[in-house]
């Protein structure tokens, strides 16, 4: 069986193809086509099939990481959207929670007000009302008002409509009926309901999530349908298209076309999964995944082999709250294309602006005229002209020198010092981002290994790890395409959630068990639609808990099957431990509230099997070259050995300074660090701290 993973990044589109029968895997990279990302996907698939003699008809699964949904939100380029909501709640999307994103700024940029997902003229109300705790009908839905609202929104030219009623998370009947009416009046409209994408309390966040799903829905649906059609025309008629979700699993193309909000962290989530695979292969259970591409750096956390999940107060995309299942990933604008500059106050800064794929860094020779991190690496000797992308892309050292010289002149430094300054700033920015996901959440980074990947990650891994006193850096076998590899390690995954509001000293265990069973039945139906047998599915239970009176929750695992006094006692004890680690204190005498319960179903998918290192004799350096490194505060030019990674033997050791070349990245081992090739083909670097 042939599987292909395709991850579209801001600069490159990465592909990995694997044959599950032979175990062979091949990799490929091509520049991303920002104006039409699907073109890069199709071009990449065509090239790997031609290059590796693959018949498209033999491909069974294409697993895709995409930024379509994310970019639509970040660039505010979604559909003209309408909202139909309960009378009296027209302005909930504007009012929000009276939060000030910048507490001390007099110039507030409040996205849900300055860039509303639904403009006020397209927010209409109808009469209906459900009441808690069971969602009983107090006021029936005014169906004629729904019909009139649909007709008005159609005449206004909206492309998508979000239906958001006040207590629909308790009873979806009114939202479901409203959707039926809208679809009968406006068949071509993309319609979403709040309970279908986020069936939980907190109306502002739920309404915003539904509005975002509608806002990005038409664009993502069109992309998915056109991609499927083009794949069929290109001969991939037997291939099932699956798309990476933010929750660390893939979903069918049909599901993603209906609920694109589930894919907002598609690519970064795939990277965390790929980094986790490397950790498993080298038997490390505490990992910080560090994915650095051309535009951004994504940081994820794996604690005791468990992926850290984002809670409701952490899930913000483009300044909007999103209540959808997500791996906890922190993204900053720091990558190979990050631009170095001097700001209006005279400070030396790097990022978040990026040169992107076009024109890219000056070193790409495509007209870029601003200094970037990639240019600095080339000037310092860490990237090598004629060796980039396996020699497929020739770097322009003269152009890189020119832009770094211009910056150096403004700073009053020489060329190497200016380039090294870029390194110091970008590494500090990355280290600070890792602190926000470790130290600030009660984790000691010294107890973790840093899995460094992405096209630029292995260039920075050791330097960033040393700032944080992290003792070990792991470089995956294919670091430049680890996100694409991650796509081939995932399962089909769906989530269900239900709001409970039960207090620890009076929990109705029968109700909890019943609700878990109902959610499992719902997920089982979805998996059956996707062609999976129940024996292929596993379920994982969890809940969102807080002390009574708190306004935020923590995610806590539940027992796999039983809901009884003993299992709940363990749940509450676990909550106390998590709260202590996160906030440094607990409230022994305060009752604990089960706010939401969650069920995650995973259906097994075919997976990649990475081959072990095969060389038995240590390889010698290809060459030596001068490279700049800072040692005890002094920038020095040192003789540095060059190795080709594919020729390294299992358990071969390499002392720094050294540079290891491979097609998809360049690995820097600074002085004082040493690397060894693990039998799994992962590279383990002792940072020397």
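In my numbering, the protein residues as written are 38 to 726. We put the CB at the ideal spot given by N, CA and C, even for glycine.
Item                                                                                                                                                                      : Value
Distance check for residue 288 and residue 638, CA to CA, integer angstroms please.                                                                                       : 11 Å
Considering only residues of the same chain and omitting the five flanking positions on each side of residue 83, which have a CB-CB separation below 8 Å?                 : 271
Ordered along the chain, which non-local residues of its own chain (more than five positions away) have a Cβ less than 7 Å from that of residue 134?                      : 241
What number of angstroms, rounded off, separates the C-alpha of residue 590 from the C-alpha of residue 453?                                                              : 49 Å
In this structure, does DSSP put residue 77 in helix, strand or coil?                                                                                                     : helix
So, are the CB atoms of residue 106 and residue 253 less than 7 Å apart?                                                                                                  : yes
Which complete beta strand (DSSP E) runs does the stretch 619-706 hold, if anything under 3 residues is left out?                                                         : 629-640, 660-668, 671-681, 690-692, 695-699 and 702-706
Quick one: using the 10 Å Cβ neighbour count with 16 as the cut-off for buried, is residue 175 buried or exposed?                                                         : exposed
What are the boundary residues of the alpha helix (DSSP H) that includes residue 92?                                                                                      : Run containing residue 92: none; DSSP gives neither H nor E here.
Confirm, please, whether the CB-CB distance from residue 121 to residue 186 is below 7 Å.                                                                                 : yes
Spatial neighbours of residue 345 within its chain, please: CB distance less than 6 Å, with the 5 preceding and 5 following residues excluded, ordered by chain position. : 338 and 365
Looking only at its own chain, which residues have a Cβ that is under 6 Å from the Cβ of residue 235, when we skip the five neighbours before and after it?               : 243, 246 and 360
With DSSP as the reference, label residue 363 as helix, strand or coil.                                                                                                   : coil
Would you identify the three-state DSSP class for residue 279, choosing helix, strand or coil?                                                                            : strand
Return the CA-CA distance between residue 39 and residue 56, expressed in angstroms with no decimal places.                                                               : 5 Å
Assuming contact is defined by CB atoms lying nearer than 7 Å, are residue 493 and residue 373 in contact in what I supplied?                                             : yes
Check whether chain B comes within 7 Å of residue 351, counting only Cβ atoms and requiring the distance to be less than that.                                            : Considering every chain present, this structure includes no chain B. It has just one protein chain.
Which residue wins for smallest C-alpha separation from residue 410, given the options 458, 396, 435 and 404?                                                             : 458
Less than 7 Å between the beta carbons of residue 137 and residue 145, yes or no?                                                                                         : yes
With distance defined between alpha-carbon atoms, name the residue in 480, 692 and 425 nearest to residue 701.                                                            : 425
When you compare only the Cα positions, how much space is there between residue 550 and residue 204?                                                                      : 22 Å
So who's on the other strand from residue 580, going by DSSP bridges?                                                                                                     : 593 and 634
Quick one: complete alpha helix (DSSP H) runs, 4+ long, within the stretch 170-243?                                                                                       : 180-192, 210-222 and 231-234
If I measure Cβ to Cβ from residue 390 and keep anything under 6 Å in the same chain, skipping five residues before and after, which residues do I get?                   : 376
Counting beta carbon pairs with one atom in the stretch 691-711 and one in the stretch 492-512, are three or more of them shorter than 8 Å?                               : yes
Please name the residue, chosen from 678, 41, 673 and 717, that lies closest to residue 698 on a Cα-to-Cα basis.                                                          : 678
For a test of the three-state rule: what should DSSP assign to residue 255, helix, strand or coil?                                                                        : helix
So if DSSP puts residue 539 in a beta bridge, which residue, or which two residues, is it bridged to?                                                                     : 631
Could you give the distance in angstroms between the alpha-carbon of residue 357 and the alpha-carbon of residue 113?                                                     : 11 Å
Rounded to a whole number of angstroms, what is the C-alpha to C-alpha distance between residue 522 and residue 545?                                                      : 44 Å
Residue 535: buried (16+ other C-beta within 10 angstroms of its C-beta) or exposed?                                                                                      : buried
DSSP on residue 729, reduced to helix/strand/coil?                                                                                                                        : Nothing about residue 729 can be read from this structure; the chain reaches only from 38 to 726.
Less than 8 Å between the CB atoms is what I'm expecting for residue 349 and residue 363, so what's the real figure, rounded?                                             : Not confirmed; about 10 Å, so no contact.
Does the beta-carbon distance from residue 41 to residue 96 come in below 7 Å?                                                                                            : yes
With contact counted as at least three CB pairs below 8 Å, one residue from each stretch, are the stretch 567-579 and the stretch 666-676 in contact?                     : no
Select from 673, 529, 558 and 722 the residue whose C-alpha is nearest the C-alpha of residue 456.                                                                        : 673
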